[in-house]
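**Q** The opening residue of the sequence shown carries number 692 in the numbering used here; numbering runs sequentially from there.
Don't be surprised by glycine CBs; every beta carbon is placed ideally from N, CA and C.
Treat the numbers as computed from the prediction; the structure is a model and nothing was measured.
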Amino acid sequence: MIFKRVGDTRPYPDHGYTHKQWIAIAPHQVRLDELVTTKRTLDLEALLEEDSTFYGDLFAHVVAYRGELYLEDGLHRALRAALQQRQTMHARVLELK
Numbered sequence: 692m693i694f695k696r697v698g699d700t701r702p703y704p705d706h707g708y709t710h711k712q713w714i715a716i717a718p719h720q721v722r723l724d725e726l727v728t729t730k731r732t733l734d735l736e737a738l739l740e741e742d743s744t745f746y747g748d749l750f751a752h753v754v755a756y757r758g759e760l761y762l763e764d765g766l767h768r769a770l771r772a773a774l775q776q777r778q779t780m781h782a783r784v785l786e787l788k
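#1: Considering Cα atoms alone, identify which of K788, D724 and V754 is closest to A772.
#2: In the DSSP assignment, the beta strand (DSSP E) including H706 goes from what residue to what residue?
#3: Contact defined as beta carbons within less than 8 Å: I believe T729 pairs with L762. What is the distance between those atoms, to the nearest angstrom?
#4: Please go through the same chain and pick out, in chain order, the residues whose beta-carbon is closer than 6 Å to the beta-carbon of I686, but skip the five residues on each side of it.
#5: Since H781 contacts H719 with CB under 8 Å, what's their CB separation in whole angstroms?
#6: Quick one: using the 10 Å Cβ neighbour count with 16 as the cut-off for buried, is R731 buried or exposed?
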């Protein structure tokens, strides 16, 4: 199993973080098998594009809420890491209370 669980919603409250606020969070490694996805589907074209992170953040966005780590943004980065047989990836983690 790549992820802890595959979800299709964001079960945490809206945090309202902007791109500027996200990039202020220092990235660190997270284990793929501890992540719960917030999307069930992936655009395969986005996964295969070489420059898919050119206009966005280089790191995935993860929300820590009630003991779970939710992959809010960066599903294609996580799957690329899994395809390269890596068990971790770098992500910015926002702690919500």
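**A** Once the coordinates are examined:
#1: D724
#2: Taken as a continuous stretch (DSSP letters only), H706 belongs to no beta strand (DSSP E), as it is neither H nor E.
#3: 6 Å
#4: The structure shown does not extend to residue 686, since the chain is modelled only from 692 to 788, so the question has no answer here.
#5: 7 Å
#6: exposed
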